[in-house]
Amino acid sequence: MTQQTSPDEVARIFDAEVRDAGDAPFEPSWNVAPTDPVTVVLQRDDGRAVERHRWGLVPPWAKAVKEGARNINARAEGIAESPTFRTSFRKRRCIIPADGFYEWQRTGGKRRQPWYLAPDTDDAVLALAGLWSVWKDPVSGVWVPSTTVITTDANDDLATLHDRMPVLLPQDAWAAWLDPEVQDQGLLLSFLRPAPDGVLEMHAVSTRVNDVRNDGPELIEALAEGDADDAGAGDRPAAEEPARSTGAGTGRRRAAQADTEGQGTLFD
DNA sequence: CCAGACGTTGTT
DNA sequence: GTCTGG
DNA sequence: CCAGACGTTGTT
DNA sequence: GTCTGG
C-alpha cells in the first residue's frame, strides 16, 4: 500500500489524536511492505488515536515477532472463528488509512505485473479495515503493536487482476467498526464485503515496486500504454540508496473537508 | 495427558 | 490463549 | 505482496 | 519447493 498522508492529517480526517509517534516515526511511503510500520487509526479508552504499528499481526502467544509476518492479511471469511484473529475481531478493530494499494497480476509468465489502485476522487483517503494486537517480547520486555489488513473477494473492477482485495470501509461504517463496545458480529461482518465498482482508478506501474528497497512517488506513475510487460527495474538491482522523496508536493494532501467529502461519495 | 498449530497467496 | 490431534 | 536464500569449515 | 526478510 501507499501512505503519504501525515499522521496529523489522518487525525483530522478521522477525528483522532496522534499517539506513539516516537517509536516508529512517520515517513511518507509509496511502498509499505510487510513488517514495516504502518499508520493505523483505532479507538482507545479515551478517544480515537493515530498510531504506528508493525504490519503483520503478532498474536499474544507468539515466541518471536517474526511470527507476525504470516499474518499480513486476514480473510474476512472465518475472521470471527480463527484463533489468530477472533479476539482482535471482537475487541481490537482498526482502520488503516491508505492513499492507494497495489495488486499483482499473474500474466502467465513468471513476472508479476503490479497495478496501482486509488480512489478516483482526488484527495480521498481509503479506509482499509484492519485488526490490531499488542505483543510483549519475552526477551526484551518491549511491547510491539501490530496490525493486519482484512481481505475479501475482488469486485468486478479488480477481477482481471486478482481474486481478492482489501476491505474498504465507507465513512458511515467507521464509528461502529472502531468502537470496541460494538459486539454485533452480524453488523461488523456486513461491512466486510467487496467495495462497489467504480470507486477505484487503476493503472499498471513499473515492477520497481516489486523490490521493497525502492520507494518514492515515481512508483505510482502509470506505465505508458502497451508497456504492461515492460521490465521496469524488476530485473535490475534496486538502487543502492533508494529514493526517499522529499520533494515539494509529496506527502501532503488538501483539506480534510475535501477528504471526507470525497470519502463520503465513494459508496453512495 | 502433551504436542503442535494458530495464515494467506497462488500453483498444481 | 485455545483448540485439535494423537 | 515480492525477492532472495537455501551451507559449513575455517581463514582473514 | 519452501522459508525468511523486508
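Taking this note's numbering, I'd label the letters of the first sequence as residues 6 to 273.
From the three backbone atoms N, C-alpha and C, an ideal C-beta is built for every residue, glycine too.
Model, not experiment: these values are computed from the prediction.
Candidates V210, D158, V204 and P222, of which the one nearest A81 by Cα:
D158
What does DSSP give as the partner residues of T156 in its beta bridges?
R80 and P171
Between the alpha carbons of R75 and G61, how many angstroms are there, rounded?
7 Å
Assigned exposure category for G105 - 16 Cβ within 10 Å defines buried:
buried
Start and end of the alpha helix (DSSP H) containing W140?
Element bounds for W140: not the alpha helix (DSSP H) but the beta strand (DSSP E), L131 to K141.
Mind checking which residues open and close the beta strand (DSSP E) that includes F106?
F106 to R111
Is S34 helix, strand or coil when you go by DSSP?
strand
Quick check: P64 and S138, are their CB atoms within less than 8 Å of each other?
yes
Expected contact under 8 Å - CB spacing of T44 and F31 to nearest Å
7 Å
For the alpha helix (DSSP H) containing P12, list its first residue and its last residue.
P12 to I18
Terminal residues of the continuous alpha helix (DSSP H) containing L228?
That residue, L228, is in no alpha helix (DSSP H); it is neither H nor E in DSSP.
Can you grab the Cα-Cα spacing for the pair T1 / Q48, in whole Å?
The question about residue 1 has no answer, for the chain in this structure spans 6 to 273.
Measure the CB-CB distance between V149 and L133 and report whether it falls below 8 Å.
no
From S151 to A180, what does the alpha carbon distance come to, in whole angstroms?
21 Å
What would DSSP say about P64, mapped onto helix, strand or coil?
coil
Could you give the residue range of the alpha helix (DSSP H) that holds R117?
Taken as a continuous stretch (DSSP letters only), R117 belongs to no alpha helix (DSSP H), being part of the beta strand (DSSP E) at R117 to P124.
N- and C-terminal bounds of the alpha helix (DSSP H) containing L193:
Q190 to S195
Alpha carbon of G73 to alpha carbon of R57, nearest angstrom:
15 Å
Among the residues of its own chain, which have a CB less than 7 Å from the CB of D2, if the five just before and after it don't count?
This structure cannot speak to residue 2, because the chain is shown only from 6 to 273.
From what residue to what residue does the beta strand (DSSP E) around L47 run?
P42 to R49
Collapsed DSSP secondary structure at R53 in the structure displayed
strand
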